[in-house]
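Report on one structure; see the data block that follows.
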Amino acid sequence: MKKGTIQKAGKWLLNALLPRACAHCGTDLHYLESAPLCPACAARLEPLPELVCAACGLPLPDGGATCRDCRGRGPGQLDLARSAFVFNPELRSLLHSFKYRAREDLAAWLGSEMARSFTRFPELADYSFAAAVPLHPARSRERGFNQAELLAAALAERANLFLLRGAARRRRNTPTQTALSRDKRRVNMAGAFEVADPALVQDRKILLIDDVATTLSTLDELAREFRKAGAKAVAAYTLAREP
Ligand SMILES: [Zn+2]
Ligand SMILES: [Zn+2]
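Here the sequence shown is numbered in our numbering, starting from -12 and rising by one per residue.
Spelled out as structure tokens, the structure:
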């Protein structure tokens, strides 16, 4: 057996033997349960509602074709954006386990949920190439992995997308966006990315993959670079949408 195979088997065995708890409420999970949430918390995950902005995918509880921002200025560099879920407390806990407690194994489960929701959006069916939003190498080293890359790989495998690995990279390590306003986020992200290999993106319809979409400033900035490098069209698909 190869070393990788043995490690995988070891990990599987550990997962099978260790008691596992719901990532949100901490309840013990049944040992046969493959979901990382207990059934009650899993039932509270919120799929993106039917009524969303046609451009940016923002939930619109009162209906309408587009949200106020997109009506004013159009979706920018992205043709459209969609997400599998609304970013609610249960999903926040899941993502927290995934990103900060090195629960890489969650990528497979989250990726398969993303693949399941993907079929809800025929408007994305043409985008057959997937590219993850790159992390700066310093941040990726710190965390041990790029969560967007793991999600993109898990999704691509299940949704039959062709994964463009290493198509883009970060030119600089941008400060975290969490506390910034929409306009400041835009400035913060300007020039943050570069296309590493234009041949990978030319004339292709590309789907950018990330964990959470908030103002879309990161995705928009990456889409700009892909378009400059010759991509035919660029859309985005994320695990979660922050309303
Ligand atoms: Zn729970
Ligand atoms: Zn919108």
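By construction, the Cβ of each residue, glycine as well, lies at the ideal position given by its N, Cα and C atoms.
Query	Result
Contact under 8 Å by Cβ, Leu154 with Val188	It should be pointed out that residue 154 corresponds to Ala in this sequence rather than to Leu. Yes, these two residues count as a Cβ contact at 8 Å.
Secondary structure of Thr225, DSSP reduced to three states	strand
Unbroken stretches of the beta strand (DSSP E), 3 residues or longer, contained in the stretch 26 to 106	68 to 73
Continuous alpha helix (DSSP H) assignments of at least 4 residues falling wholly in the stretch 159 to 187	169 to 176
Start-to-end residues for the alpha helix (DSSP H) that takes in Leu206	204 to 215
His11: CB within 7 Å of a non-hydrogen atom of ligand 1	yes
Any non-hydrogen atom of ligand 2 within 7 Å of Cys40 CB	yes
Whole-angstrom distance between Ala29 and Ser115, CA atom to CA atom	29 Å
Stretch-stretch touch, CB-based, cutoff 8 Å, three pairs: the stretch 132 to 140 with the stretch 82 to 97	yes
Minimum C-alpha distance to Trp96 - residue among Arg173, Arg156, Glu144, Arg157	Glu144
Classification of Gln64 by the beta-carbon crowding that lies within 10 angstroms, buried from 16 upward	buried
Residue(s) in a DSSP beta bridge with Ile193	Phe116, Val221
Contact the stretch 157 to 172 vs the stretch 186 to 206: 3+ CB pairs below 8 Å	yes
Leu148 - partner residues in DSSP beta bridges	DSSP lists no partner for Leu148.
Residue of His11, Phe213, Arg107 minimising C-alpha distance to Val39	Arg107
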